[in-house]
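Here is the structure we will look at.
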Amino acid sequence: MRVIVAALAALIVGATALIAKDLTPAPYPQVPAGAETAIFAIGCFWCAESAFEGKPGIISVTSGHTGGQTKNPTYEDVGQGGTGHAEAILIVYDPKKTTYEDLLYRFWRNADPYSANGQFCDRGSQYRPEIFVKDAAQRKAAEASKAELEKQDKFKGKIVVKITDASTFYTAEKYHQDFAVLNPDHYKRYRFGCGRDDRLDAIWGKEARAGDPEH
55 MRVIVAALAA LIVGATALIA KDLTPAPYPQ VPAGAETAIF AIGCFWCAES
105 AFEGKPGIIS VTSGHTGGQT KNPTYEDVGQ GGTGHAEAIL IVYDPKKTTY
155 EDLLYRFWRN ADPYSANGQF CDRGSQYRPE IFVKDAAQRK AAEASKAELE
205 KQDKFKGKIV VKITDASTFY TAEKYHQDFA VLNPDHYKRY RFGCGRDDRL
255 DAIWGKEARA GDPEH
């Protein structure tokens, strides 16, 4: 098994070198009048973005970093684990078409709620799962969603996902945006090699990925 994992990792690293990398930070997303925002961290932001992109009521999903101390961190800075940031996504959504509670439902079912120091094969605080709330209403909803899961026998006393006041969100470089769409082969190799869907299926069963097929 270790040999297989190592081989997959080598393929992933090798493919990464072939991707054209625009190192310019992506522009901060526009938030239309009446729209709302949500910030989640679920490990690799490529996968987090894919979990929400194109879903009903979602206007945009932007990959980036938040929750740390360093100003304007790069992907490389965060990857070294010393900035305090987590890979995260900023979601802009239409509250008339979807709710924050809907987003929370999808967040949980794309996360491993047992793992505090990383998600799936990605380890380190930069891959931690976390809900970043912008106001009292979001905190109330996030805490209620966590409490509801903790009532279930399989989760009782084990959920380690933090709920934190939102801080500055820094957009990641342009080549990270829409990664699953623009680099589908590389993305699929990474996702499979990381064991993400196997783990989600083991935790959530039919609810994994909020009912979406593997993506």
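Residue numbers (this note's numbering): 55 to 269. C-beta: ideal position from N, C-alpha, C; glycine also. Here the structure is a predicted model, which means the values were calculated and not measured.
Buried versus exposed call for residue i [16 or more other C-beta atoms within 10 Å across all chains shown]
| i | result |
| --- | --- |
| residue 214 | exposed |
| residue 126 | exposed |
| residue 222 | exposed |
| residue 211 | exposed |
| residue 196 | buried |
| residue 192 | buried |
| residue 262 | buried |
| residue 121 | buried |
| residue 103 | buried |
| residue 167 | buried |
Nearest-angstrom beta carbon gap, residue j and residue i [assumed within contact, 8 Å]
| i | j | result |
| --- | --- | --- |
| residue 172 | residue 144 | Going by Cβ atoms, the distance from residue 172 to residue 144 rounds to 21 Å, so no, they are not a contact pair. |
| residue 139 | residue 180 | 6 Å |
| residue 163 | residue 256 | Contact flag wrong, Cβ pair sits at about 13 Å. |
| residue 225 | residue 95 | Wrong, their Cβ atoms sit about 14 Å apart, outside the cutoff. |
| residue 165 | residue 186 | At roughly 14 Å, the Cβ-Cβ gap does not stay under 8 Å, so residue 165 and residue 186 are not in contact. |
Assigned secondary structure, residue i (DSSP; H/G/I helix, E/B strand, else coil)
| i | result |
| --- | --- |
| residue 236 | helix |
| residue 108 | coil |
| residue 215 | coil |
| residue 144 | strand |
| residue 117 | strand |
| residue 181 | helix |
| residue 206 | coil |
| residue 85 | coil |
| residue 61 | Reliability of the predicted coordinates at residue 61 is poor, the pLDDT of 45 falling under 50, and no value is obtained from them. |
| residue 90 | strand |
| residue 198 | helix |
| residue 136 | coil |
Nearest-angstrom Cα separation, counted from residue j out to residue i
| i | j | result |
| --- | --- | --- |
| residue 158 | residue 78 | 30 Å |
| residue 71 | residue 142 | With a pLDDT of 44 at residue 71, under the threshold of 50, the predicted position of this residue should be treated as unreliable, and no value is reported. |
| residue 268 | residue 251 | 6 Å |
| residue 91 | residue 198 | 19 Å |
| residue 248 | residue 169 | 14 Å |
| residue 106 | residue 260 | 18 Å |
| residue 177 | residue 98 | 10 Å |
| residue 310 | residue 253 | This structure leaves residue 310 out entirely; the chain is present only between 55 and 269. |
| residue 82 | residue 136 | 24 Å |
| residue 216 | residue 184 | 5 Å |
| residue 161 | residue 149 | 16 Å |
- Message: So, does the stretch 222 to 236 touch the stretch 99 to 117, judging by three or more C-beta pairs under 8 Å?
- Response: Remark: three or more beta-carbon pairs, one from each stretch, lie closer than 8 Å, so the stretch 222 to 236 and the stretch 99 to 117 are flagged as touching.
- When the Cβ atoms of the stretch 196 to 211 are set against those of the stretch 235 to 253, are three or more pairs found closer than 8 Å? no
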